[in-house]
Amino acid sequence: MPHTALHIVSRARLRAAARRVLPVLLLFLLVLAAAPPLAAQAEWTGVERVVAVGDVHGDYDGFVEILRSAGVIDEKDRWIGGKTHLVQAGDVPDRGPATRKVMDLLMALEKQAAKAGGHVHALIGNHEAMNMYGDLRYTTPGEFAAFRTGESEQLRANLWEQESRGLASADRKKWEAEHPLGWVEQRTEFGPKGTYGKWIRSHNAVVKINDAIYLHGGISPKYVTKSLNQINEAVAAELSDVTKIKDGSPLTAADGPLWYRGLAQEEGAAIEAHVNHVLAAYGVKRIVIGHTPTAGAVIPRFGGKVVQIDVGLSAAYGSHRACLLEEGDKLYAIHRGEKIPLPGNADILSYLKKVLSLEPAGSLLAKYVAEVEAGLAPAK
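Numbering (our numbering), first residue to last: 1144 to 1523.
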């Protein structure tokens, strides 16, 4: 068909329109690529079964032992939890060698649980944030070694060439000790475009499931006026560019949601009033937290309004084995495979003696139970 004047004009208009739209489209795509991931859903209701596990710290064997005891995975580490919601309260990295393996497992379980109608909430803890912004004081040689490849020697040599200006050759040995093989790859993978960096950024710092909120550190007076979405957005914003972390950042501040220890450590009327304020502000019955290790058991405080689930499952903290289970309106600790009702204040000593009876000889929990019995430690 011959081209008419109308066809020629139409094509010219299309080309002109494309020239106008293309720069705008490219700018949009660049902004989209740099933006933090869309916020994950933060509130859930009608969940019949919740399993909550505290800090893992690179201990794959301990983690899977607890998940199996809770009926979440099978002997091949595949999801069998059905519609269960699994909450891992942060601090997967550091202090143990199998961080990468634990993260890979959680990634797989996220997909498997979703297909079964369940859900995995891998919350952001202070050690996830630390690995993203480069505070590697607690990262072990095994964690770096897990990222080692056949190119690690060359990658490290390239980095030395970039960073060695002004350094004597004698400094190289010390520098290499500080940058073991796998270090470069670990930093890349926890970076903004790395597999684990992107994965962590896609998660929440705090979630509400039924009548409880779950997070790593706690809600301090500074944050109690903020909604869950506002807390999650503040954490996500800081993680979107860790080179620009501000003073008082929720990633680093002692009163931020990743670091606050008041709910786990403080005593007296003021903290009890704050706990009640938090519960009222979010419309929940309890706050479930990790971050501050217990003596080796799930510990309820303030009559069960706060539940501590960092039992120290990693070898670095004693290889304890316990998690929190919510079934319907009932709470339990699964302690070394045994399901035990979680008490209020009145039954705390009986509960502690029960879990102690399941512990191996020499358990750190024995000292704590003796102190509670003698009135030297708070029974709440």
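Virtual Cβ for every residue (Gly too), placed ideally from N, Cα, C.
Nothing here was measured: the structure is a model prediction, and the numbers come from that model.
Residue nearest to residue i in terms of C-alpha spacing, selected from the options
| i | options | result |
| --- | --- | --- |
| residue 1535 | 1302, 1308, 1311, 1432 | Not covered by the structure: residue 1535. The range shown for the chain is 1144 to 1523. |
| residue 1361 | 1346, 1367, 1403 | 1403 |
| residue 1225 | 1260, 1286, 1486, 1305 | 1260 |
| residue 1326 | 1351, 1308, 1297 | 1297 |
| residue 1343 | 1246, 1470, 1308 | 1246 |
| residue 1283 | 1294, 1270, 1293, 1295 | 1270 |
| residue 1204 | 1274, 1338, 1462 | 1462 |
| residue 1346 | 1227, 1233, 1514, 1480 | 1233 |
| residue 1440 | 1467, 1459, 1421 | 1467 |
| residue 1341 | 1308, 1295, 1379 | 1379 |
| residue 1492 | 1279, 1471, 1515 | 1515 |
| residue 1185 | 1265, 1314, 1241 | 1265 |
| residue 1437 | 1506, 1333, 1374, 1365 | 1506 |
| residue 1399 | 1512, 1258, 1412, 1349 | 1349 |
| residue 1332 | 1242, 1309, 1471, 1401 | 1242 |
| residue 1230 | 1218, 1252, 1237 | 1252 |
| residue 1450 | 1406, 1497, 1464, 1417 | 1406 |
| residue 1365 | 1386, 1396, 1351 | 1396 |
| residue 1454 | 1376, 1470, 1371, 1359 | 1359 |
| residue 1228 | 1357, 1279, 1363, 1504 | 1357 |
| residue 1490 | 1512, 1470, 1504 | 1512 |
| residue 1371 | 1430, 1330, 1390, 1317 | 1430 |
| residue 1377 | 1272, 1254, 1504 | 1272 |
Straight-line gap, residue i to residue j (C-alpha atoms, nearest Å)
| i | j | result |
| --- | --- | --- |
| residue 1482 | residue 1319 | 48 Å |
| residue 1428 | residue 1244 | 34 Å |
| residue 1423 | residue 1384 | 33 Å |
| residue 1212 | residue 1195 | 12 Å |
| residue 1426 | residue 1354 | 7 Å |
| residue 1172 | residue 1275 | Because the pLDDT at residue 1172 is just 42, under 50, the model does not fix this residue reliably, and the value given afterwards should be weighed accordingly. Going from the Cα of residue 1172 to the Cα of residue 1275 covers about 24 Å. |
| residue 1294 | residue 1408 | 46 Å |
| residue 1192 | residue 1311 | 59 Å |
| residue 1401 | residue 1337 | 22 Å |
| residue 1480 | residue 1369 | 38 Å |
| residue 1248 | residue 1411 | 41 Å |
| residue 1472 | residue 1321 | 50 Å |
| residue 1176 | residue 1239 | Because the pLDDT of residue 1176 is 46, which lies under 50, any placement of that residue in the model is unreliable, and the number read from its coordinates should be weighed accordingly. Taking the straight line from one Cα to the other gives about 33 Å. |
| residue 1250 | residue 1517 | 45 Å |
| residue 1209 | residue 1306 | 43 Å |
| residue 1335 | residue 1487 | 43 Å |
| residue 1413 | residue 1258 | 45 Å |
| residue 1520 | residue 1497 | 18 Å |
| residue 1448 | residue 1313 | 57 Å |
| residue 1542 | residue 1494 | This structure cannot speak to residue 1542, because the chain is shown only from 1144 to 1523. |
| residue 1433 | residue 1197 | 5 Å |
| residue 1215 | residue 1456 | 17 Å |
| residue 1285 | residue 1267 | 22 Å |
Where residue i falls: helix, strand or coil (DSSP)
| i | result |
| --- | --- |
| residue 1231 | strand |
| residue 1207 | helix |
| residue 1443 | strand |
| residue 1315 | helix |
| residue 1478 | strand |
| residue 1308 | coil |
| residue 1484 | strand |
| residue 1270 | helix |
| residue 1507 | helix |
| residue 1192 | strand |
| residue 1468 | strand |
| residue 1513 | helix |
| residue 1358 | strand |
| residue 1451 | strand |
| residue 1215 | coil |
| residue 1374 | helix |
Chain-order list of residues whose beta-carbon lies under 7 Å from that of residue i (same chain, five-residue window excluded)
| i | result |
| --- | --- |
| residue 1381 | 1388, 1392, 1393, 1394 |
| residue 1367 | 1420, 1421, 1424 |
| residue 1475 | 1468, 1482, 1483, 1484, 1485 |
| residue 1339 | 1246, 1332, 1333 |
| residue 1217 | 1223 |
| residue 1220 | 1207, 1248 |
| residue 1183 | 1345, 1346, 1347 |
Same chain only: Cβ atoms within 6 Å of residue i, ignoring 5 sequence neighbours per side
| i | result |
| --- | --- |
| residue 1328 | 1290 |
| residue 1256 | 1222, 1262, 1263 |
| residue 1477 | 1212, 1213, 1466, 1468 |
| residue 1458 | 1202 |
| residue 1187 | 1352 |
Contacts around residue i, its chain only, beta-carbon distance under 8 Å, and the 5 residues preceding and following it disregarded
| i | result |
| --- | --- |
| residue 1189 | 1353 |
| residue 1152 | Only weak support is given to the placement of residue 1152: the predicted model assigns it a pLDDT of 46, under 50, and the question is left unresolved by the model. |
| residue 1415 | 1445 |
| residue 1299 | 1319, 1322, 1324, 1326, 1327 |
| residue 1373 | none |
| residue 1442 | 1450, 1451 |
| residue 1509 | 1499, 1502 |
Report the start-end ranges of each alpha helix (DSSP H) in the stretch 1391 to 1439 that is 4 residues or longer and not cut off at the edges. Inside the stretch 1391 to 1439, DSSP marks whole alpha helix (DSSP H) runs of 4 or more residues at positions 1405 to 1408, 1412 to 1425, from first to last along the chain.
Just list the alpha helix (DSSP H) runs in the stretch 1247 to 1305, keeping only unbroken ones of 4 residues or longer that don't cross its boundaries, in chain order. Every unbroken stretch of the alpha helix (DSSP H) spanning 4 or more residues and falling wholly within the stretch 1247 to 1305 is given here in chain order: 1269 to 1276, 1284 to 1288.
Extract the residue ranges of the alpha helix (DSSP H) inside the stretch 1319 to 1349, only unbroken runs of 4 or more that lie entirely within it. Given a length threshold of 4 residues, each whole run of the alpha helix (DSSP H) inside the stretch 1319 to 1349 is given here in chain order: 1326 to 1332, 1338 to 1344.
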